[in-house]
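*Asks:*
Protein chains in written order, with our numbering: chain A, 6 to 401; chain B, -6 to 301.
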């Protein structure tokens, strides 16, 4: 009967099925895909010298070429304009007399402006500018010795001997070679390997995000199922069922069974389609399956308990929404828990939705789940049992 | 078929039932008559197995509704006060679903549903979702759902409330036919005309007690020499009291500041004399004289209108 009723109004099903896909596409557009991150950097060169030109050019050399897009500007009005049009995330002002100070080994300061509307990109730009300054300072400190010798010959009245010129040339050549060796840095990948990992880890973004979104879809779908049961209670259909020769506990068990089966079928369909679309590696499928079933038990149990305790649709709606948000937060539904504050991570690791999300994500990304699956089942079956007891009391 | 013995039910300090006993035989229509809040629905909910009695017992076909609810429910049909149908399903699907709860085979249910839906005039709407039905059609379908499994006893809780006269008449005819087929029918209602038209026996219930019970003809005999006069308005009640006291068998049944209900023997001209007394009053808004009926009996027994 419940299945027939569900398929009589299939619109809602498609809506639930669409939730993880819609969010995943939004995430992909925001964080992934083929689009490269480009940071607009406005450069105001008040010195217009060889060295300042060198600094400006260095922002777009080598690997930075794809990352930084330089806009040369004349004044702060232009900088303001670029900020307002969202073209520049940061601005750098090279002061007048920059070259003279650099060549005289005197301290000088580049002024850095952040676009207040941007959050991440200005940090990237600041990192690039600071990094180049560090490299520049290091290079200058190394050139100090040959430059001092040249100055000494320029300022003094003695001509350098052939050997002395050769010595200075050797020093500069060696420094140049060291400098060119720095290029190697730009061609080097940074590989971070965890303590327990031996093999390279190929991260699939969807494997990180999709399980949480699927959990969110299951929670909302579960709410829809519970609303149907609540309306049945309000419209006395449940009472009518209880007038038939069926035990009240059978009615509740049938409802819970339908809720579990519905979420299971839905999660299998969504996971299958999502897995195909985003090529999520099918790692640890058996464990993922076990965790997913436990999560479904938990969701059905929690929502069944809330709806069983309440008699008012308004109150139920409010309470279930709050609980849903809490479960989403602790379960990493919208965002992986790994990116959340430490205390949320700690809470999440002991909360069933969080445990499930962590476990599934770990499995799909080729790691062994660090969560306890028996503990997850203990939580879930406990809550499910509570929902059955409460639901039974509601019928008669 | 339906037997209720000394049934009581309390909700905290509120006593909803105070020792109700009744029996309904096969083929009989028993009318449980009383105002809203008298306890009719509580009796029906106990028989249906939805409410546990505080004391006393109820049984259907010999099965106690508390100790053997499944046996009792299997032979009991219930037509609740509201239309209880599943909106998303068609009339046929509703019949098959509710019938299957009683363990009936699907094919048999389909053929029975065809028969019953045609009987209540819904045969041309078999495949339509019930959400498209009118209120009257839903009531008729609810009646069908109550008898789809061929119950031996049928309980109807105010089955015609809120219906238009035509649908109401149809439902009453159907109930008569169901009883004629040998089903024991317990009908709860506060429509006296319904009880007078349908019921073989009537139990008048008020404040959780059956205050009068008997065959319709016995009850009618009890009231055939009585008339109920109802006066509404603001007037000095002393002359009225004096008049009623002077009449043998006269009685003031109910009195408030704005209403007096008087019972007078209908065999003499007492009513005319009462009207003459009333004519001397300054502000009488309404005078009504009720002929002998269940309603007048009810007023005589309880001192109040059945719809109070």
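All residues carry an ideal CB built from backbone N, CA and C; glycine is no exception.
Assuming the contact rule is C-beta atoms closer than 8 Å, residue 51 (chain B) and residue 7 (chain B) should be a hit. Round their C-beta distance to whole Å, please.
*Replies:* Contact flag wrong, Cβ pair sits at about 20 Å.
*Asks:* Given a cut-off of 7 Å, decide if residue 256 (chain B) and residue 219 (chain B) are closer than it, judged by their beta-carbon atoms.
*Replies:* It is a contact, given that the beta carbons lie within the stated cut-off.
*Asks:* Less than 7 Å between C-beta atoms, sequence neighbours within five positions excluded: which residues of the same chain meet that for residue 272 (chain A)?
*Replies:* The answer, listed in chain order, is 219, 223, 297 and 301.
*Asks:* For the segment 154 to 175 of chain B, enumerate the residues whose C-beta is nearer than 9 Å to any C-beta of chain A, in chain order.
*Replies:* Answer in chain order: no residues at all.
*Asks:* Taking a contact to mean a Cβ-Cβ separation below 7 Å, would you say residue 263 (chain B) touches residue 228 (chain B) in this structure?
*Replies:* Not in contact: residue 263 (chain B) and residue 228 (chain B) (Cβ atoms no closer than 7 Å).
*Asks:* Measure the alpha-carbon distance for residue 203 (chain A) versus residue 361 (chain A) and round it to whole angstroms.
*Replies:* Note on residue 203 (chain A): pLDDT 42, under 50, position unreliable in the model; the coordinate value appears next. Those two C-alpha atoms are separated by around 25 Å.
*Asks:* Contact criterion: CB-CB distance below 7 Å. Does residue 379 (chain A) meet it with respect to chain B?
*Replies:* Answer no: the Cβ-Cβ gap between residue 379 (chain A) and chain B never drops below 7 Å.
*Asks:* Quick check: is the beta carbon of residue 132 (chain B) nearer than 7 Å to any beta carbon in chain A?
*Replies:* Cβ-Cβ to chain A under 7 Å: no for residue 132 (chain B).
*Asks:* Enumerate in chain order the residues of its own chain whose CB-to-CB distance from residue 23 (chain B) is below 6 Å, with the five nearest sequence positions on each side excluded.
*Replies:* 17, 179 and 194, listed in sequence order.
*Asks:* Over what stretch of residues does the beta strand (DSSP E) that includes residue 2 (chain B) continue unbroken?
*Replies:* Run containing residue 2 (chain B): -5 to 4, per the beta strand (DSSP E) assignment.
*Asks:* Using CA coordinates, which residue listed in B:-5, B:222 and B:26 is at the minimum distance from residue 39 (chain B)?
*Replies:* Checking every option, the nearest Cα to that of residue 39 (chain B) belongs to B:-5.
*Asks:* Would the beta-carbon of residue 76 (chain B) fall within 7 Å of that of residue 248 (chain A)?
*Replies:* No, the Cβ-Cβ distance between residue 76 (chain B) and residue 248 (chain A) is not below 7 Å.
*Asks:* Can you find the residues in the same chain that come closer than 8 Å, C-beta to C-beta, to residue 403 (chain A), ignoring five residues on each side of it along the sequence?
*Replies:* Nothing can be reported for residue 403 (chain A): it is not among the residues displayed for chain A, which extend from 6 to 401.
*Asks:* Check the Cβ of residue 242 (chain A) against every Cβ in chain B and list those closer than 9 Å, keeping chain order.
*Replies:* What residue 242 (chain A) touches in chain B: 77, 78 and 79.
*Asks:* Out of B:130, B:286 and B:73, point me to the one whose CA is closest to residue 189 (chain B)'s CA.
*Replies:* The shortest Cα separation from residue 189 (chain B) among B:130, B:286 and B:73 belongs to B:286.
*Asks:* With burial defined as no fewer than 16 other Cβ atoms inside 10 Å of the residue's Cβ, what is the status of residue 221 (chain A): buried or exposed?
*Replies:* With 16 or more Cβ atoms within 10 Å of its Cβ, residue 221 (chain A) is classed as buried.
*Asks:* For the segment 62 to 73 of chain B, which residues have a beta carbon sitting closer than 7 Å to at least one beta carbon of chain A?
*Replies:* Taking 7 Å as the Cβ-Cβ cut-off against chain A, the residues of the segment 62 to 73 of chain B that qualify are 63, 66, 67, 71 and 73.
*Asks:* Can you give me, in chain order, the residues of the segment 385 to 399 of chain A that have a beta carbon less than 9 Å from any beta carbon in chain B?
*Replies:* Flagged: no residues at all.
*Asks:* Indicate whether at least one CB of chain B lies closer than 7 Å to the CB of residue 127 (chain A).
*Replies:* Not closer than 7 Å to any Cβ of chain B, the Cβ of residue 127 (chain A) fails to qualify, so no.
*Asks:* Please list the segments of the beta strand (DSSP E) lying wholly inside the segment 248 to 294 of chain B, counting only runs of 3 or more residues, in order along the chain.
*Replies:* Runs found: 252 to 258 and 276 to 283.
*Asks:* Report the CB separation of residue 228 (chain A) from residue 329 (chain A) in whole angstroms; it is logged as a contact under 8 Å.
*Replies:* With 8 Å as the limit, residue 228 (chain A) and residue 329 (chain A) qualify as a contact, their Cβ atoms being about 7 Å apart.
*Asks:* Could you pull the start and end residues of the beta strand (DSSP E) that residue 118 (chain A) belongs to?
*Replies:* Run containing residue 118 (chain A): 116 to 119, per the beta strand (DSSP E) assignment.
*Asks:* Using 8 Å as the threshold, is the segment 72 to 87 of chain B in touch with the segment 234 to 241 of chain A, meaning 3 or more CB pairs across them?
*Replies:* Because the criterion of three Cβ pairs below 8 Å is met, the segment 72 to 87 of chain B and the segment 234 to 241 of chain A touch.
*Asks:* Please report whether the beta-carbon of residue 196 (chain A) lies at a distance below 7 Å from any beta-carbon of chain B.
*Replies:* Unreliable positioning characterises residue 196 (chain A) in this predicted model, as indicated by a pLDDT of 43, which lies under 50. The coordinate reading is nonetheless provided below. Taking Cβ atoms only, chain B never reaches closer than 7 Å to residue 196 (chain A), which makes this a no.
*Asks:* When burial is assigned at 16 or more other CB atoms within 10 Å of the CB, is residue 63 (chain B) buried or exposed?
*Replies:* The residue in question, residue 63 (chain B), is exposed, as its Cβ has fewer than 16 Cβ neighbours within 10 Å.
*Asks:* Taking the alpha helix (DSSP H) that residue 7 (chain A) falls in, what are its first and last residues?
*Replies:* 7 to 13 is the extent of the alpha helix (DSSP H) around residue 7 (chain A).
*Asks:* Using DSSP with H/G/I as helix, E/B as strand and the rest coil, what is residue 53 (chain B)?
*Replies:* Residue state, collapsed to three classes: strand.
*Asks:* Can you name the start and end residues of the alpha helix (DSSP H) that residue 62 (chain A) belongs to?
*Replies:* Taken as a continuous stretch (DSSP letters only), the alpha helix (DSSP H) holding residue 62 (chain A) covers 55 to 63.
*Asks:* Counting only the same chain and skipping the five closest in sequence on each side, list residues whose C-beta sits under 8 Å from that of residue 10 (chain A).
*Replies:* Excluding sequence neighbours, residue 10 (chain A) sits near 233.
*Asks:* What's the gap between the Cα of residue 187 (chain B) and the Cα of residue 165 (chain B)?
*Replies:* So the two alpha carbons sit approximately 8 Å from each other.
*Asks:* Please report how far the alpha carbon of residue 274 (chain A) lies from the alpha carbon of residue 93 (chain B), in whole angstroms.
*Replies:* Rounded to whole angstroms, residue 274 (chain A) to residue 93 (chain B) spans 31 Å at the Cα level.
*Asks:* Can you give me the C-alpha to C-alpha distance between residue 263 (chain A) and residue 8 (chain A), rounded to a whole angstrom?
*Replies:* Those two C-alpha atoms are separated by around 8 Å.
*Asks:* May I ask you to list the residues that DSSP assigns as paired with residue 215 (chain B)?
*Replies:* None, per the DSSP bridge assignment.
*Asks:* Secondary structure at residue 131 (chain B), three-state DSSP: helix, strand or coil?
*Replies:* Correct three-state label for residue 131 (chain B): helix.
*Asks:* Can you tell which of B:251, B:258, B:253 and B:234 has the C-alpha that lies nearest to the C-alpha of residue 241 (chain B)?
*Replies:* Answer by Cα proximity: B:258.
*Asks:* Report yes if the C-beta distance between residue 66 (chain B) and residue 198 (chain B) is below 7 Å; otherwise report no.
*Replies:* Going by C-beta atoms, residue 66 (chain B) is not nearer than 7 Å to residue 198 (chain B).
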